[in-house]
Amino acid sequence: MRIFLFSILFITSTVFSQDFAKHVNPFIGTGGHGHTFPGATVPYGMVQLSPDTRIDGSWDGCSGYHYSDNLIYGFSHTHLNGTGVSDYGDIMLMPTMGEPSFDNKIYSSTFSHDNERASAGFYSVTLDKHNIDVRLTASTRVGFHEYTFNENGQANIILDLNHRDKLLEGRIRIIDDKTIEVLRRSEAWARDQYVYARIEFNVPLVINKEKTNYKSEEKIYEGVELALSFSKQVKKGEKILVKVSLSPTSYDGAKLNSSEIKHWDFGKIKKEAESFWNKELSKIEVTSNDKDKLAIFYTALYHTMMQPNIAQDLDGKYRGRDNKIHTAEGFDYYTVFSLWDTFRGAHPLYTLIDKKRTSDYINTFIKQYEQGGRLPVWELASNETDCMIGYHSVSVIADAMVKGIKGFDYEKAFEASKASAMRDVLGLEAYKKNGFISIDDDHESVSKTVEYAYDDWCIAQMAMLLGKQQDYQYFMKRSQSWKNLFDSEIGFIRPKKNGGWDKPFDPREVNNNFTEGNAWQYTFFVPQDIKGMIEVYGGNEKFESKLDEMFNSESKTTGREQVDVTGLIGQYAHGNEPSHHMAYLYNYIGKPEKTKEKVHYILNEFYKNTPDGLIGNEDCGQMSAWYVLSSMGIYSVTPGNTEWSKTTPYFDKVKVNFENGKQLTITKKGMKGYLKELLAKYEEEKINKIIPVPVIEAQSKSFKEKMMIEIFSQNPNDEIFYLFQDASSGKPAWMKYTNSIEISSSEKIQAYVKRGAEYSNPVSAQFFKKPNNYTIDIKSKYNPQYHAGGEEGLIDGIFGNENWRKGEWQGYQSQDFEAIIDMQKETKITKLGANFLQDTRSWILMPTKVEFFISKDNKKFTKIASIENSTDPKEYETVIKNFSTKVKTKARYIKVKAFNFGKLPEWHQGFGGDAFIFIDEIITN
5 MRIFLFSILF ITSTVFSQDF AKHVNPFIGT GGHGHTFPGA TVPYGMVQLS PDTRIDGSWD
65 GCSGYHYSDN LIYGFSHTHL NGTGVSDYGD IMLMPTMGEP SFDNKIYSST FSHDNERASA
125 GFYSVTLDKH NIDVRLTAST RVGFHEYTFN ENGQANIILD LNHRDKLLEG RIRIIDDKTI
185 EVLRRSEAWA RDQYVYARIE FNVPLVINKE KTNYKSEEKI YEGVELALSF SKQVKKGEKI
245 LVKVSLSPTS YDGAKLNSSE IKHWDFGKIK KEAESFWNKE LSKIEVTSND KDKLAIFYTA
305 LYHTMMQPNI AQDLDGKYRG RDNKIHTAEG FDYYTVFSLW DTFRGAHPLY TLIDKKRTSD
365 YINTFIKQYE QGGRLPVWEL ASNETDCMIG YHSVSVIADA MVKGIKGFDY EKAFEASKAS
425 AMRDVLGLEA YKKNGFISID DDHESVSKTV EYAYDDWCIA QMAMLLGKQQ DYQYFMKRSQ
485 SWKNLFDSEI GFIRPKKNGG WDKPFDPREV NNNFTEGNAW QYTFFVPQDI KGMIEVYGGN
545 EKFESKLDEM FNSESKTTGR EQVDVTGLIG QYAHGNEPSH HMAYLYNYIG KPEKTKEKVH
605 YILNEFYKNT PDGLIGNEDC GQMSAWYVLS SMGIYSVTPG NTEWSKTTPY FDKVKVNFEN
665 GKQLTITKKG MKGYLKELLA KYEEEKINKI IPVPVIEAQS KSFKEKMMIE IFSQNPNDEI
725 FYLFQDASSG KPAWMKYTNS IEISSSEKIQ AYVKRGAEYS NPVSAQFFKK PNNYTIDIKS
785 KYNPQYHAGG EEGLIDGIFG NENWRKGEWQ GYQSQDFEAI IDMQKETKIT KLGANFLQDT
845 RSWILMPTKV EFFISKDNKK FTKIASIENS TDPKEYETVI KNFSTKVKTK ARYIKVKAFN
905 FGKLPEWHQG FGGDAFIFID EIITN
């Protein structure tokens with residue numbers, strides 16, 4: 005209670021000289037691919053009370069609302085701001101009139117944008133079906149509804165707990181005719197989310213319809229199918245007010261949180277919400293005569309403050325990562341950490357204008373480490389979604405530490421960071437051992453390698469600050485791992501497979517070796533070693549040429565269609581985060597005019613005061629944080645480094661009001677005032693540079709008779725040594741490499757580079773001699789993204805595993821699979837089989853059936869087996885199934901046919917799309 009009273013007193017007793025909230029346009033980003041929502045919320049609030057126009061889980065409906073829609077299903081109390089995966093939409097209410105229904109096609113209503121309004125902390129709309137005016141506002145933990153019924157008759161308020169995601173457990177308890185308690189436990193992106201709610205009506209209502217699995221005499225409704233309708237007779241113009249308080253912990257928590265609003269004065273709460281927004285938005289004052297620029301800026305700042313979200317009750321209780329209830333002591337506990345996105349710009353912005361919350365976020369990280377065993381990656385409602393890559397919590401921590409932000413335990417934060425980096429999952433085991441991740445080790449290998457390297461640099465900065473010299477040297481060495489994937493001949497960071505470069509290589513290709521991007525967009529992700537990156541290109545001029553080439557290339561990618569890769573300037577993609585620092589790289593080679601040119605072009609062209617005014621997903625404030633910082637003329641290219649990269653500000657005047665009461669003014673002529681924050685310099689200790697690993701090249705991973713192997717180093721003066729794994733008297737342990745190596749049997753080879761007294765990490769490659777001389781003629785056409793090494797990848801004796809993104813499976817979309825194997829001579833056959841994989845979420849489904857045929861002449865084939873699929877297409881775990889049959893026959897040719905699942909059904913998120921068949925090995929015994 006103490007916390008709440010303080011916040012209300014502060015807000016109501018503060019007079020702001022300017023109304024910044026008036027510039028906010030919550031509709032920016034609700035169209036296109038912005039994925040924002042227009043509803044009522046306060047800064048960092050638990051409640052986001054907003055209309056839901058999409059309930060199908062579609063990509064452009066992730067926030068629950070899209071501006072192109074004209075149908076509202078209801079108003080729910082939790083929403084995500086600009087994510088690429090759908091969740092939330094909890095505790096949905098919908099006012100209707102007449103006979104109530106729980107069919108959302110019936111209780112939904114059309115609406116017009118002409119009758120829709122939104123501002124900071126407020127939303128209103130008219131529902132056409134029954135002419136109901138809806139107004140919404142909120143406090144931190146309470147949503148406030150006002151429904152005006154413009155017709156006489158029976159008014160209903162529908163509470164549908166089956167709205168949007170899967171209901172795991174539902175419970176509604178009737179306290180009295182004006183109060184109910186709700187538990188909604190659900191599964192979507194967050195696998196086990198708890199939301200408790202207390203719903204209060206300003207007038208008595210009766211239950212006039214119910215849907216439930218169980219009802220007790222105490223008026224408790226329970227089940228996984230649960231909805232109630234509350235009703236009263238109304239006169240034209242009559243209002244019904246509703247308050248909904250949320251809690252992640254308990255009914256008591258929701259009751260306590262309801263004390264945030266003790267009255268029924270809607271206008272007062274709306275005004276307090278606006279005051280709360282003005283308090284936060286006043287931290288940065290910009291001057292402009294252009295109303296659109298002011299709307300874009302303050303909406304961007306608004307979007308950065310919509311999350312992370314407070315996730316504790318007024319008494320400090322919260323649900324931890326261990327699903328137990330804890331109490332936050334000395335800090336506030338938050339949720340919704342889209343760290344792959346927000347470490348780049350949003351969190352550096354918070355270190356500038358919100359140090360207190362930055363400390364709270366890190367204390368939240370530490371508690372999640374203590375209760376869940378690791379730092380958050382993409383945490384949502386006390387669930388780790390493991391979405392995206394890296395361990396970017398360490399970037400947030402390091403950035404705060406080097407900037408001197410206090411309020412958290414530096415030693416514990418370092419312990420948690422080191423523990424997260426020393427795990428053996430998601431390619432980390434290979435990364436630690438080899439100094440890079442290859443395709444053989446894990447998918448998205450390039451992105452993981454370079455992002456782990458940056459994160460390791462962040463941990464090194466913590467170690468240096470804490471005087472941990474051994475840890476500093478260890479993690480600084482790991483931070484150079486990007487060099488092991490840099491191909492100096494072509495000037496790209498690119499994927500490796502089986503010790504060598506993966507081929508063919510197209511830097512424009514979006515594939516599973518990268519996270520939502522391609523080689524162009526990841527080659528420049530070396531923020532921790534920009535000087536080293538420039539050096540490997542051969543100096544400033546060559547590096548400038550490479551940057552120019554990227555910005556001036558054709559604005560078109562190849563490979564997989566990636567909806568996130570938008571806002572292309574050449575191969576720069578502003579619509580997704582990996583590109584966000586790149587325009588500032590010109591500053592590091594003495595070309596600030598090019599930084600200004602690119603930054604101001606992006607500010608002008610990719611941010612508009614329209615519903616489709618964002619060029620890509622908002623991504624929990626990162627897209628907007630780039631705008632806020634860049635328009636101020638600053639950007640944090642390397643979070644964890646105290647320096648800000650600078651350019652000409654976009655506005656005539658920018659004033660930053662810091663928490664300590666000091667001010668900084670930025671104009672096109674320079675800065676004055678409190679300069680400590682923005683003029684800090686970073687000094688890095690000297691470290692020993694790593695020697696990049698050698699490259700082992702061969703025609704393929706498998707061969708028939710003999711194969712030549714070559715080993716290269718990036719520096720022609722290096723010495724290379726190699727070893728056959730099964731060393732014997734005829735094969736000495738380590739041999740100096742001088743010429744190509746010929747092998748005629750299956751071999752595993754290791755190699756390392758020696759440069760003076762320094763050595764690279766060893767790298768290995770494994771080559772298999774095929775067990776036979778069979779050939780294969782594939783009649784279908786595999787997707788070039790999923791080739792498994794070519795046609796003979798299906799008969800090379802190398803079996804793919806569940807991680808199909810590593811490239812070991814062949815994929816066929818929109819077609820059946822058919823192939824003929826030539827065993828070169830008539831052969832006895834006792835068993836035939838083929839392995840198929842299913843990953844339903846990724847549109848990969850088992851074939852409906854597999855048929856086997858035999859022939860002696862490759863003309864006349866006889867069917868000898870037809871095997872129906874028995875795997876449920878709704879099985880969401882990855883499954884490998886062997887379709888096999890025992891036979892007793894002789895033949896030279898074997899034909900395999902697998903029948904595609906076809907169009908994806910209505911229950912699938914990709915409804916209407918074409919399914920894939922994934923096959924790896926065809927087995928003949």
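Sequential numbering of the sequence shown, starting at 5, is according to my numbering. All C-beta atoms in this analysis are idealised placements derived from N, C-alpha and C, irrespective of residue type, glycine included.
Here DSSP, grouped into helix, strand and coil, assigns T216 to coil.
I370 and R361 have their C-alpha atoms some 14 Å from each other. Taking the CA atoms as reference points, G811 sits about 46 Å from L97.
Here the alpha carbon of H134 sits roughly 13 Å from the alpha carbon of S116. Residue state for W847 is assigned as coil, using DSSP reduced to three classes.
In this model, E333 and G35 are separated by some 41 Å (Cα to Cα). Counting only residues of its own chain and dropping the five nearest sequence neighbours on each side, Y476 has a CB closer than 7 Å to the CB of A464, A467, M468.
Straight across, the Cα-Cα distance linking Y48 with I695 is about 46 Å.
C-alpha of G804 to C-alpha of T519: approximately 21 Å in a straight line. Under the DSSP assignment, V199 falls in the beta strand (DSSP E) whose first and last residues are 197–205. Taken atom to atom, the span from the alpha-carbon of D459 to that of S397 is near 9 Å.
Apart from sequence neighbours up to five positions away, the residues of its chain that approach Y218 with a beta-carbon distance below 6 Å are E226, G227, ordered along the chain. Rounded to whole angstroms, I314 and E714 show a C-alpha spacing of 57 Å.
Distance check between L682 and each of F662, E751, K705 places F662 closest, using alpha-carbon atoms only. Between the alpha carbons of K481 and V699 lies a distance of about 20 Å. Sixteen is the threshold: since fewer than 16 other Cβ atoms of the shown chains lie within 10 Å of the Cβ of K832, the residue is exposed. Between G68 and D60, the CB-CB gap reaches or exceeds 8 Å. The three-state secondary structure of S399, taken from DSSP, is helix. Under DSSP, the beta-bridge partners assigned to E762 are R759. In its chain, beyond the 5 residues on either side, Y435, F440, I441, S485, W486, L489 have a beta carbon closer than 7 Å to the beta carbon of T453. Selection S262, Y756, D800, I927 evaluated against N839 yields I927 as nearest (Cα-Cα). K773 carries a strand assignment under DSSP once its states are collapsed to helix, strand and coil. Rounded to the nearest whole angstrom, the CA to CA distance from M405 to D390 is 25 Å. The DSSP assignment places 814–817, 821–842 as complete runs of the beta strand (DSSP E) inside the segment 803–842, in order along the chain (cut-off: 3 residues). Looking at the backbone, the Cα of Y726 and that of G504 are separated by about 14 Å. Contact annotation: F341 and P312 have beta-carbon atoms nearer than 8 Å. Counting C-beta pairs closer than 8 Å gives fewer than three between the segment 287–297 and the segment 314–323, which falls short of the contact rule.
Going by DSSP, Y373 is part of the alpha helix (DSSP H) stretching over 359–376. Between N862 and I824, the C-beta gap is smaller than 8 Å, which places the two residues in contact.
Of the residues L260, E388, N516, the one whose Cα lies closest to the Cα of G376 is E388. Here the segment 158–175 does not lie against the segment 260–279, with fewer than 3 beta-carbon pairs under 8 Å apart.
Checking the DSSP bridge columns, you'll see D491 partnered with F496.
Between P877 and the set N664, K860, D552, T844, the nearest pair of CA atoms involves T844.
For the pair K752 and Q729, the CB atoms are nearer than the 8 Å cut-off. Sixteen is the threshold: since fewer than 16 other Cβ atoms of the shown chains lie within 10 Å of the Cβ of T331, the residue is exposed. Nearest to T152 by alpha-carbon distance, out of Q237, E795, K223, is Q237.
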